[in-house]
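The structure appears below as structure tokens.
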Amino acid sequence: MDTMGLIYKFISGIIAITFLGAYAISVVGINFGEPTYLALPLIANAIFKDFILAFEVLSILLLASLIGAIYLARKNGGSE
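Take the sequence shown: its position 38, counted from the start at 1, is 40 in the numbering used here, and no numbers get skipped.
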């Protein structure tokens, strides 16, 4: 039997069950309590003032990983 076909069917089943559960929760209307509100200005100040160096290093790291992924994908002509 095709192993990849079974893996794809299993993953598809998990995704379908997840969406079905989310749909059921939205239809039933379960109350999860009052939403908690975060202080957005405090988070913005923390990111852009206190942790600006870490934020910039992370952005460069993510950019480098994206460029590396594109390079690896094109290295073999996009085929495995």
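From the three backbone atoms N, C-alpha and C, an ideal C-beta is built for every residue, glycine too.
To which residues of the same chain is residue 51 closer than 7 Å at the C-beta, ignoring the five residues directly before and after it? No residues qualify anywhere along the chain.
Could you name the residues of the same chain whose beta carbon sits closer than 8 Å to that of residue 57, not counting the 5 residues immediately before and after it, in chain order? 49, 50
According to DSSP, is residue 26 helix, strand or coil? The answer is helix: DSSP assigns residue 26 an H, G or I state.
Coil, strand or helix - residue 73 by DSSP: helix
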